[in-house]
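Structure, as structure tokens:
8 protein chains.
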Amino acid sequence: MDNRHNILRLLRQVAEGSLPPEEALLQLKTAPFEDLGYAKVDLHRSVRQGAAEVIYGAGKTPEQIAGIAAAMGERGCQNVLITRMGPEAAELVAKTIPLDYHPIPRAAIAYPGERKALGRIVVATGGTSDMPVAEEAALTAEVLGNSVTRLYDVGVSGLHRLLANLNPLMSARCVVAVAGMEGALASVVGGLVDCPVIAVPTSVGYGASFGGLSALLAMLNSCASGCSVVNIDNGFGAGYLASMINQMEGIS
Amino acid sequence: MDNRHNILRLLRQVAEGSLPPEEALLQLKTAPFEDLGYAKVDLHRSVRQGAAEVIYGAGKTPEQIAGIAAAMGERGCQNVLITRMGPEAAELVAKTIPLDYHPIPRAAIAYPGERKALGRIVVATGGTSDMPVAEEAALTAEVLGNSVTRLYDVGVSGLHRLLANLNPLMSARCVVAVAGMEGALASVVGGLVDCPVIAVPTSVGYGASFGGLSALLAMLNSCASGCSVVNIDNGFGAGYLASMINQMEGIS
Amino acid sequence: MDNRHNILRLLRQVAEGSLPPEEALLQLKTAPFEDLGYAKVDLHRSVRQGAAEVIYGAGKTPEQIAGIAAAMGERGCQNVLITRMGPEAAELVAKTIPLDYHPIPRAAIAYPGERKALGRIVVATGGTSDMPVAEEAALTAEVLGNSVTRLYDVGVSGLHRLLANLNPLMSARCVVAVAGMEGALASVVGGLVDCPVIAVPTSVGYGASFGGLSALLAMLNSCASGCSVVNIDNGFGAGYLASMINQMEGIS
Amino acid sequence: MDNRHNILRLLRQVAEGSLPPEEALLQLKTAPFEDLGYAKVDLHRSVRQGAAEVIYGAGKTPEQIAGIAAAMGERGCQNVLITRMGPEAAELVAKTIPLDYHPIPRAAIAYPGERKALGRIVVATGGTSDMPVAEEAALTAEVLGNSVTRLYDVGVSGLHRLLANLNPLMSARCVVAVAGMEGALASVVGGLVDCPVIAVPTSVGYGASFGGLSALLAMLNSCASGCSVVNIDNGFGAGYLASMINQMEGIS
Amino acid sequence: MDNRHNILRLLRQVAEGSLPPEEALLQLKTAPFEDLGYAKVDLHRSVRQGAAEVIYGAGKTPEQIAGIAAAMGERGCQNVLITRMGPEAAELVAKTIPLDYHPIPRAAIAYPGERKALGRIVVATGGTSDMPVAEEAALTAEVLGNSVTRLYDVGVSGLHRLLANLNPLMSARCVVAVAGMEGALASVVGGLVDCPVIAVPTSVGYGASFGGLSALLAMLNSCASGCSVVNIDNGFGAGYLASMINQMEGIS
Amino acid sequence: MDNRHNILRLLRQVAEGSLPPEEALLQLKTAPFEDLGYAKVDLHRSVRQGAAEVIYGAGKTPEQIAGIAAAMGERGCQNVLITRMGPEAAELVAKTIPLDYHPIPRAAIAYPGERKALGRIVVATGGTSDMPVAEEAALTAEVLGNSVTRLYDVGVSGLHRLLANLNPLMSARCVVAVAGMEGALASVVGGLVDCPVIAVPTSVGYGASFGGLSALLAMLNSCASGCSVVNIDNGFGAGYLASMINQMEGIS
Amino acid sequence: MDNRHNILRLLRQVAEGSLPPEEALLQLKTAPFEDLGYAKVDLHRSVRQGAAEVIYGAGKTPEQIAGIAAAMGERGCQNVLITRMGPEAAELVAKTIPLDYHPIPRAAIAYPGERKALGRIVVATGGTSDMPVAEEAALTAEVLGNSVTRLYDVGVSGLHRLLANLNPLMSARCVVAVAGMEGALASVVGGLVDCPVIAVPTSVGYGASFGGLSALLAMLNSCASGCSVVNIDNGFGAGYLASMINQMEGIS
Amino acid sequence: MDNRHNILRLLRQVAEGSLPPEEALLQLKTAPFEDLGYAKVDLHRSVRQGAAEVIYGAGKTPEQIAGIAAAMGERGCQNVLITRMGPEAAELVAKTIPLDYHPIPRAAIAYPGERKALGRIVVATGGTSDMPVAEEAALTAEVLGNSVTRLYDVGVSGLHRLLANLNPLMSARCVVAVAGMEGALASVVGGLVDCPVIAVPTSVGYGASFGGLSALLAMLNSCASGCSVVNIDNGFGAGYLASMINQMEGIS
């Protein structure tokens, strides 16, 4: 029961006699989600957090995914993002609900509809192999209504490739820097731009990359200001946060 | 040479004959900083990144700190933030330049001047022991012109203390969540608010907290959307990023 | 030879002349288990520790599992729990002994019989993906004669889902909190209830969850009192301990 | 606002007109603790969780400790436990409030009063060096009203020392097993007794003990049922949980 | 050229004129092994180290294994041990050379011949799942001419199973203690016997066993004297060392 | 835009009026690579770094590999090295471009042509299983025009095998020491020779080798002077650096 | 109660009526040690394990050390080894009991008496800085009656220093190899000698030696047969085990 | 006995009868170093490895350092480098031998004499705090006769500072890149220059820099070719290797 206005409203209804207290307690407990047994679908989240629900597909069966998506579609949700879903699962889900599948980020948009393309987010990667994570970030941001520019394979070992793309970087409102191995891209980009940089370490690499740990530590230690880090391979989290930042309203 | 407009301007001057090419190259190499021998002071950074230089005090002698600050003061810089400086060093520095020292975050403001207090940043901590890091974040944000609300000791093991402070959280434009030990504060706050949350793991704790590693990992794994993480105890980085986000202009 | 009463009884029999000393030594060494070659089945454990033997299925062939279970069934054991057994192995075992298989926790009950449903244990999970571990805990507790309430998908990123289920939590005698990723569920539940909380980190997650290490560390560092932790994914251990606690007799 | 009965009571008062809704919200937010600025003292916790507040001394100044304790003493709290406080701090605190200091566990009891000695808790250690942690556990349990038996230096490398002390172990309602180095004590005790065993890894050891990590991992992997683990050196947590378990009421 | 006697002999031959110096150098460089291209087979090792060559099968093709074994068989070697070889590879190798394959330890004896059974080595395991590693140790020791007693599934969580087998332990000249999970077996055995104990951590376990790391650390920290540790799952190394110790001659 | 001479030349052309400034900026940004969408091929790298482009095959589809190689072949590149490519991918690529595939290092040479064999590089391995990494190093060095001597299976546990091969070691200009497990080869070789030694830890081993971490740490700690280390299994990096060192010109 | 002969003897006495059963149980529990409160001194250990008690000084006060030693001296123990004791503590202890202090290994011999010098143990170190650990091993072995040869500073980076000392190595019955940093000494020695090698990693080193972890891992991964490892800096454990091995009787 | 020419020469003398074989063996064993008891000084190393002995000061007493240096000075050695020696030790050593002490790298030159300044080595650092390690590298290289250019505080977060110093980088024969925190300097430099780059991670940083581990991993994962890595803070090793590479003779 995290919403102050709701508590206040409820208390008022009780005070006016229009709501018995036991009923108020019941509402406190059941209102904000629908219980499917295997999941509690958070239908009011778009109100509370300004974004539609996202379905994290990993560890869910295609039936569970379709069930959750359908519960949302029935309430009129559009552009429901489903992440970490393989092509076979997507094929199954697509039989029961409208679905737009993207194989590289292994993500899909259920009940696809019109979208805005606000502001300017740049998603940059160190190498070609970082693309799946970058595409998850980019797609997430696009589903949430942002304009996204992709700058792929601009890693620091060929610095001129990055410097040749200063234009979109310099005009971005938020940059998502996706890199594995030594993760230096975040530091270098962070030193160039004057907007928030969200660093996404990837598990790309071998040997002492230790599944992304090397890039993660490097990014956390970045000496550039304005950088922060999300979990290894967490393209979704970066895209979601980039959208939040990009769509910030000006201080009134 | 990271600034596209500068390159273009220089090239234009060369084309017009007002600048010989050798001179242009020289400018490319020497303009943006002053070399003190032990440090290259970045005087144009405020232009390039929208903020005054910050002096990271750790590993520098009081003489070096005073030297760098003086170089900036002479150019008219105000509110120069100095982080990670002990009280003895501060006493020495204060003999040569005007200095406002804050003992809890072990930080100082050189050449203190007027400041704005824009927007609404909340800095929250899990416990009393997280205060030094939180104060570094809060002071950084205040120096950079932001309005900061402090919510200290609202850790999740006494959830009612957090829930009783929903008002400032709900109206924040950016929240800095500072916590050691199990770092759950970031997840819980992230699930409550609809603005970006910057998580700062602290080295507070003992045993399996492993100097902040436990809180760091927990925060990276936060299942709440909109969270990102900075380095352990990096209050400055969080405050700087929070300022960037808080002061975002609206999309034109 | 760990049982004081047994030592004393044996010594008494020897003193009375009813047992020659060599024979007593032999009893000390052979009584409490049956040696199947590949395993030493502990048939007296139910006497000694107040619970039937449990068969840890991982790393055992279906034949070995069936052999151990049969040895116990022949002595009249009922409700023998078999954990970590795949469906194929279960199918083979079910051909020779009566077996009740549960696919989600990958566990089975051999020689199923009547069971009690004492007290009130709550098993809660952070997400849908934690269900296999939670079901292992719940099934274990049920086999051992406890009443179990399941609260699944009540993770802290949607705090209202947890707060809406305060009733069963508040009346529990013991709570098992199952969570992966950042493991904050244990801290939050531990701050709400006044009974022991057993935290089970799960290997659910990706990237910096490092196979459950992140949740494990977070739970160990929980600042809530009354929490303790078992091994990653160790649903059985949590269910067993919860049963012990739930069935504590009052202080006489 | 975690207490169901309180919510219900408040709602009823509002419904009866005896409490205006704005006032109810205010109560929800301010009742349960007193804000000292540097700490939010949880005065109702004894009601909510069945135990007095405990003051974690590490990272607090003697003044802060004395302030928090005094706030509690003024409300009539007795036997307030203060952990992780050095002898110098204790000396200072003792000047303003009545204090009973224990140097080995570096803990104190403020406002000492009468205590009960219920049930039977055993605190066992592997070696002499584990005593500080064990005494923190024992003192905590005693302050909370439990009868405690100490079995120190009964590590498994001299198994006969443990076996010679089976009597108190066999009659315990809960055992706290404190050990550093290889932490085998928890496994061996767990295999002997039929009550819950709380394992406390200590940072005692050298080399590959890695500050208690070795004992921690060993205890988490204990193959004995009924064991759970708290943080390294967390004697307080173990004593608190042992008290909870020892004082369990029988199932009605 | 590590053998002092060989150097001396060679130098003598040169001094006597029976060997030109260039030839001596050549012998120094080529004598002690045969170069198969992919491997340098150490045919004199039995002379130098008192044991036949052992072929580490992992990472070698069946053809390479057969080639190396054949090179040794042609020189009259017997009882050549081949470790870490799967059943398919064994089937292929057995087509060209006489081979005695043991599926549990995945090891084989090429050119099997008569063997001695000297002294008394005990190989003990904590659980049934440790058998593959234990059998590698036992087979290695048997191939090298030792008498081996197997004590399997005597882990410390059922201490009576271990205590019931004190007889063979007490009369052993060397004990190999094989255990995964918390590895406490080595400590307990080390506290009981007065002969060297070789601890072998196994990768058996799950969660925080981290592939044997937990058992490894526990064994290294064993507070029992006379223990030493070999690599995780290194049954061969333990068996080889146990043989060395068991066959020590008395001090003349 | 990392090449000082190019900047200067460009600026001169602008100064002479032969190049408009906008055009110069365009050249700065587009010249040095060709953008294939999924990759930015660095065609001028041979000029800038004295070596042809290398294609890192891991994580690229055969179509992408062939596309990049073809783009280079069309510009007249020869001996293009492709690393980390499986035999199936090689078969596909070989259908469209001339390809010389080496199955042990899983590498290929596209557009094979004449090569030099300059200087003297030795590639040594500790065991047979290190061959794939060693061959990657050797092939890389050969493609880059160096003469390579292979010394395989000369690990330190049979020191005479190493000492018998002192001749090539002593006359090498650079040694690549490839070893897994305890990685001692680098230290021993480093103590024998007076040329740079490049240590390559391999992931060969089991148990506490932790995927090459053990060898990596050992090599970093080598007490022999003149050693440096590349990433685990990074045969290519070692071969590339060895070539750089071997082909150093004398100080003029 | 770990001694089979003692159990049997006790049972016989009970059977003969010369010992009442309650008394027997009492003996089982109290005989083998003296309880000083802070420690349980194991006075029969020399009988049970063939060596006098050793006092581990770390974490004990000088008073406790002197108390334990005196308890042993009063029973006639001689050559009681005290490890990990600083010079100040030694000075205090020496005031009450006869003590022979060795500052380099920070160890002492209480009640020094005549000693044997049996067999041939070699203690070798990689560098000068490993001496404290090596001296702890050597002193331990000497106290236990062994002849010890010291070979210090023979690390593998100067291989000739090791090869020049082959004579004592070749005639040793057991070698203790003490080394920090990359720990290669154990592998190289293990490949040269045909007796057991006990490897002792030391915390000597810096950077990626990680307090001895690097040497520990290297030694565990040693490809030389006959090697085993004790804890980091555990000179005592190595000396104790070396003594056990050196004093093995021949197989009767 | 690692020098082929020496073996051959010795064998020849034996063959000619001018050297009895026993004497030859003796020479093999004693020639190349002087044994001071606490250290074996390697006086022929300059012959064998082309450089004077270096004294690693850490863990040695001033007396030992002076003793070793004096032994070398007596043989005519000049410019003997002593590393890791504090100012107090230096003061003591300077009383007995001529010494030139450098406080920043905590290193000294004993018996200072004339030096060459060959070739072009660049030592670059990311920040001011990396200077001690960088100076150790630079001083080592200078003592060994190389010309060194220092580029300090050119870290990648202010990329223009690095780009403004392309001239010395582009003309270097070898670059030593010294950086802590995220270690990106090595990658960026490695992508710019066409000579070998030796990366030195430093322990500078806090939080998740983990004492240099973060920089170490980042440097090992550098995607730039031509990079290799030495141990954390190992300025000496980097300077020594840089000297070897810089002074390579051209291929004859």
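Keeping their order, the protein sequence lines are chains A, B, C, D, E, F, G and H.
For the first sequence, position 72 (counting from the first letter as 1) is numbered 229 according to the working numbering, and the numbering increases by one without interruption.
For the second sequence, position 163 (counting from the first letter as 1) is numbered 320 according to the working numbering, and the numbering increases by one without interruption.
For the third sequence, position 17 (counting from the first letter as 1) is numbered 174 according to the working numbering, and the numbering increases by one without interruption.
For the fourth sequence, position 100 (counting from the first letter as 1) is numbered 257 according to the working numbering, and the numbering increases by one without interruption.
For the fifth sequence, position 63 (counting from the first letter as 1) is numbered 220 according to the working numbering, and the numbering increases by one without interruption.
For the sixth sequence, position 52 (counting from the first letter as 1) is numbered 209 according to the working numbering, and the numbering increases by one without interruption.
For the seventh sequence, position 249 (counting from the first letter as 1) is numbered 406 according to the working numbering, and the numbering increases by one without interruption.
For the eighth sequence, position 92 (counting from the first letter as 1) is numbered 249 according to the working numbering, and the numbering increases by one without interruption.
Note that beta-carbon positions come from the ideal geometry of N, C-alpha and C, so glycine has one too.
- For Glu293 (chain C), the closest Cβ of chain B is not nearer than 9 angstroms.
- The residue from D:Glu406, D:Val211, D:Leu176 and D:Ser409 with its alpha-carbon nearest to that of Ala298 (chain D) is D:Val211.
- Judged by DSSP secondary structure, Ala294 (chain E) falls within the alpha helix (DSSP H) whose first and last residues are Met288 to Val300.
- Ala215 (chain B) sits exposed, since fewer than 16 C-beta atoms from the chains shown fall within 10 Å of its C-beta.
- Between Leu316 (chain F) and chain G, the shortest Cβ-Cβ separation is below 9 angstroms.
- Take the alpha-carbon of Leu238 (chain C) and the one of Ala251 (chain C): they are about 13 angstroms apart.
- When the Cα atoms are used, Ile278 (chain F) and Asn303 (chain F) turn out to be separated by approximately 7 angstroms.
- Gly174 (chain E) counts as exposed, since fewer than 16 other beta carbons sit within 10 angstroms of its beta carbon.
- For Ile254 (chain B), the nearest beta carbon of chain A is not closer than 9 angstroms to its own beta carbon.
- The beta carbon of Ser366 (chain D) falls within 9 angstroms of a beta carbon belonging to chain E, placing the residue at that interface.
- Between Val280 (chain F) and Ala294 (chain F), the CB-CB gap stays under 9 angstroms.
- Burial state of Arg232 (chain A) is exposed, judged by a 10 Å Cβ sphere holding fewer than 16 other Cβ atoms.
- Per DSSP, the continuous beta strand (DSSP E) segment holding Val335 (chain F) begins and ends at Cys331 to Ala336.
- Residue environment analysis places Glu248 (chain C) among the exposed positions, since fewer than 16 neighbouring C-beta atoms fall within 10 angstroms of its C-beta.
- Counting C-beta pairs with one atom in each stretch, the segment 254–261 of chain H and the segment 305–316 of chain H have fewer than three that are closer than 8 angstroms, which means they do not touch.
- Put simply, the backbone Cα of Asn378 (chain F) is about 8 angstroms away from that of Ser371 (chain G).
- Taking C-alpha positions only, Gly394 (chain B) is separated from Val290 (chain D) by approximately 37 angstroms.
- Cβ-Cβ distances below 8 angstroms link Leu323 (chain C) to Leu349 in the same chain, with the five nearest sequence neighbours on each side left out; the list follows chain order.
- Taking 7 angstroms as the upper bound on Cβ-Cβ separation, chain H lies near residues Thr285 and Ser286 of the segment 271–287 of chain G.
- Lys273 (chain A) is classed as exposed because its beta carbon has fewer than 16 other beta carbons within 10 Å across all chains shown.
- Setting aside the 5 residues that flank it on each side, Thr306 (chain H) is surrounded in the same chain by Arg277, Ile278, Val279, Val280, Pro325 and Ala329, each with a C-beta closer than 8 angstroms to its C-beta; the list follows chain order.
- In its chain, beyond the 5 residues on either side, Pro358, Ala372, Ala375 and Met376 have a beta carbon closer than 6 angstroms to the beta carbon of Gly340 (chain H).
- In summary, the residues of the segment 343–367 of chain H whose CB is separated from some CB of chain B by less than 7 angstroms are Val361, Tyr363, Gly364 and Ala365, in the order they occur in the chain.
- If the five residues before and after Gly283 (chain G) are omitted, its C-beta is found closer than 6 angstroms to the C-beta atoms of Gly312, Ala336 and Leu342, all from its own chain and listed in chain order.
- In the three-state reduction of the DSSP assignment, Tyr397 (chain B) falls in the helix class.
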